[in-house]
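>
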Amino acid sequence: KKYIDEYAERKRLYNEVIELKGNIRVFCRCRPLNQDETANGSTSVVEIPPSQDHDLNVTCADSSKKQFKFDHVFGPHANQEEVFAQTSPIVTSVLDGYNVCIFAYGQTGTGKTFTMEGTSENRGVNYRTLEELFRIANQRSGTMRYELFVSMLEVYNEKIKDLLVEHTSEPKKLEIKQSSEGTQEIPGLVEAHVYGTDEVWELLKTGSRVRSVGSTNANEFSSRSHCLLRVTVKGENLVNGQRTKSNLWLVDLAGSERVGRIEVEGERLKESQFINKSLSALGDVISALATKTAHVPYRNSKLTHMLQSSLGGDCKTLMFVQISPSAADLGETLCSLNFASRVKGIEYGPARKQT
Ligand code: ADP
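The UniProt record's numbering applies: residue 125 is where the sequence shown begins, and numbers increase by one.
Rendered as structure tokens:
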């Protein structure tokens, strides 16, 4: 009974928190102006109407305004707790057997890592999710028994690297294989059985450290690779013996900024082509799902292929589109907002003149 009540409550919250129907949600988060921007007198081109958490207006270079609408809009003052309060019903549905994917998309420097990883003082969605999963799992003991497993990996230039292994030599190459049940597996990927949040925090720190090994500029490097945290929940109903296994993916995507062909060559050009390819593949998959297109092109990138069993069907998807408020980033901001609108299957008309 207790289990059913909790399930019903989470379902109610899930539907209440997010008004738009469907399994694909888009949240927009705008970071504050940073010190440099404030120092050089930048003002925000992003306006979030007061007491409104769905709308966002962007002032374009010609002073016209573009309006966007999302399932939720978080302004520069929204803190990590507020963001997690809206995200929690989606991530915790993994305990009820749903596969879930959460992405942070946007230009480098807009707060993707801040939202997902956070800092030790301001922990992000990844840690808070595990904390909440442990809390619920412990509460439910009696009816349900849960086991939680964590994997962490990186996709860079279409190559998959395990982040929970300290690599002493060239990392082992990981490939995606189809299991007999038709799901996508990555044989050889470490799956750490986790029992509590302290342990999880240490694992997340290991993952971040392994990620930056071998790169001369860790921040720059991390902006060019996708970082994925996978939480696998195995559940057993102790009353009827029913077992569930579901995956929650928490993905910090590579920076979406466009790189001019003239500016770069060699390694950097190759990287940006891989990033463009995988981000557009992701956009194509989600928009095919949002518009219920018959063919969903999962196989066009490692990222979408790997996530195939967790995207579509009755899986839940949430994309955070991260933006900068600065006029200097206006072009990229509009690109990200248009991308996010497209994945939701919404097209916007031409910009309206300011009145
Ligand atoms: P990205 O992962 O998109 O490249 P980061 O998460 O590294 O961006 O954020 C860039 C900088 O801005 C970091 O110093 C981060 O702490 C800060 N930042 C981002 N979002 C926020 C926010 N909502 N509030 C406060 N600081 C933020």
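Ideal placement from N, C-alpha and C gives every residue a C-beta, glycine not left out.
#1: Count the other C-beta atoms from every protein chain shown that fall within 10 angstroms of the C-beta of Leu403, then say buried if there are 16 or more, exposed otherwise.
#2: Do you know how far the Cα of Leu442 is from the Cα of Cys459?
#3: Measure the alpha-carbon distance for Asn246 versus Gln204 and round it to whole angstroms.
#4: Over the uninterrupted alpha helix (DSSP H) stretch that includes Ile399, give me the two end residues.
#5: Helix, strand or coil for Ile148? Go by DSSP, reduced to three states.
#6: For Ala451 and Asn147, what's the separation of their Cα atoms in angstroms?
#7: Just to confirm before moving on: does the CB-CB distance between Asp177 and Val197 stay below 8 Å?
#8: In whole angstroms, give me the CA-to-CA distance for Asn400 and Val383.
#9: If the criterion is Cβ atoms closer than 8 Å, does the pair residue 505 and Ala405 meet it?
#10: For Leu257 versus Ser275, is the C-beta spacing smaller than 8 Å?
#11: Reducing DSSP to helix, strand and coil, say where Ile226 ends up.
#12: Is any heavy atom in ligand 1 found nearer than 7 Å to the beta carbon of Gln446?
#13: Shorter than 7 Å, the distance from the beta carbon of Ser347 to the closest heavy atom of ligand 3, or not?
#14: State the Cα-Cα distance for the pair Cys184 and Glu206, rounded to the nearest angstrom.
#15: Kindly indicate which residue of Pro421, Leu435 and Gly199 has the alpha-carbon position closest to the one of Val375.
#16: Less than 6 Å between C-beta atoms, sequence neighbours within five positions excluded: which residues of the same chain meet that for residue 507?
#17: Tell me which residues pass a beta-carbon proximity test against ligand 1: closer than 5 Å to any heavy atom, given in chain order.
#18: Inspect the CB distances between the region 301-315 and the region 252-272 and report whether three or more fall short of 8 Å.
#19: Mapping the DSSP letters down to three states, classify Gly242 as helix, strand or coil.
#20: Just reading off the beta strand (DSSP E) that Ala316 is part of, what are its end residues?
#21: Which first and last residues belong to the alpha helix (DSSP H) in which Lys329 is found?
#22: Count the other CB atoms within 10 Å of the CB of His201; is the residue buried (16 or more) or exposed (fewer)?
#23: Kindly provide the ranges of any alpha helix (DSSP H) runs that are 4 or more residues long and lie completely inside the region 234-320, ordered along the chain.
#24: Here's a check: name, in chain order, each residue in its chain whose Cβ is nearer than 6 Å to the Cβ of Gln191, leaving out the five neighbours to either side.
#25: Within 8 Å, do at least three Cβ pairs link the region 347-358 to the region 264-274?
#26: Can you tell me where the beta strand (DSSP E) with Ser166 in it begins and where it stops?
#27: Report the rounded CA-to-CA distance for Lys236 versus Val363, giving the unit in angstroms.
#28: Compute the beta-carbon to beta-carbon distance between Phe227 and Leu377, rounded to the nearest angstrom, for a pair I have assumed lies under 8 Å.
Concretely, from the data shown:
#1: buried
#2: 18 Å
#3: 7 Å
#4: Gly390 to Ala414
#5: strand
#6: 33 Å
#7: yes
#8: 9 Å
#9: This structure does not reach residue 505, given that the chain is present from 125 up to 479, and the question cannot be answered.
#10: no
#11: strand
#12: yes
#13: Summarising the ligand content, the structure contains ligand 1 and does not contain ligand 3.
#14: 29 Å
#15: Leu435
#16: Outside the modelled stretch of the chain, which goes from 125 to 479, sits residue 507, for which no answer is possible.
#17: Arg155, Thr232, Gly233, Thr234, Gly235, Lys236, Thr237 and Phe238
#18: no
#19: strand
#20: Ala316 to Val318
#21: Thr321 to Ser336
#22: exposed
#23: 236-240 and 249-263
#24: Asn181
#25: yes
#26: Element bounds for Ser166: n/a, residue is neither H nor E.
#27: 41 Å
#28: 6 Å
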